[in-house]
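The block underneath contains the structure these notes are about, expressed in structure tokens.
Encoded structure:
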């Protein structure tokens, strides 16, 4: 989940899971129990849920909430995006959503597709990846800043793997930060908007 239930005083998503450990709630024919809440890292909260169907069948589900990715904006934690995708790859099926389902969700799906393309040994073209996503979800990757963020994630990954140096990327990230500010796009950094 890439949105909080409330952002800047606006409702973005219903609280469709019990928030507190031990709490239950009904959703249609299912009862949902919150078994455990863990702060995986500063901006990722994992909630272990047990879902019981009307006929008594039980299954477990992990709900992961990324706090601090502003609507129409981008987070300042590039590699956290890849860690979230890695966590998601452990589950099938996996559902990803934000508020409208195109900005933050499209960005995560695009980064995931790019990563899978690169892992398969193919060349990744971000323009083509976004075009492909938009065949299935119109408007995905909602802002130009989100599109550039997709590139920034892979540049930071290349830096972390010592393929390029921070010095080589300095100009890109300085320009990127200025661009985000110039566009007045919210940028989340360590729990507060910049």
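Numbering (the working numbering), first residue to last: 50 to 243. Backbone N, C-alpha and C define an ideal beta-carbon position, used for all residues, glycine too. Keep in mind the model is a prediction, meaning the values are calculated, not measured.
Residue 208 - containing alpha helix (DSSP H), residue span
193-209
Specify whether the segment 192-203 and the segment 159-168 touch according to this definition: at least 3 beta carbon pairs, one from each stretch, less than 8 Å apart.
Yes: the two stretches touch, three or more of their Cβ pairs being nearer than 8 Å.
For residue 84, report the span of its beta strand (DSSP E) as first-last.
79-90
Touch check for the segment 98-112 and the segment 183-194: three-plus C-beta pairs under 8 Å?
no
Rounded to whole angstroms, what is the Cα-Cα separation between residue 196 and residue 114?
Using only the alpha carbons, I get a separation of about 22 Å.
Are residue 96 and residue 87 closer than 9 Å when you measure CB to CB?
yes
If you draw a straight line from the C-alpha of residue 158 to the C-alpha of residue 71, how long is it?
32 Å
Pairs of beta-carbons, one from the segment 142-160 and one from the segment 218-226, closer than 8 Å: are there three or more?
Contact fails: fewer than three Cβ-Cβ distances are below 8 Å.
Three-state secondary structure (DSSP) of residue 102
Assigned with DSSP and collapsed to three states, residue 102 falls in coil, not helix or strand.
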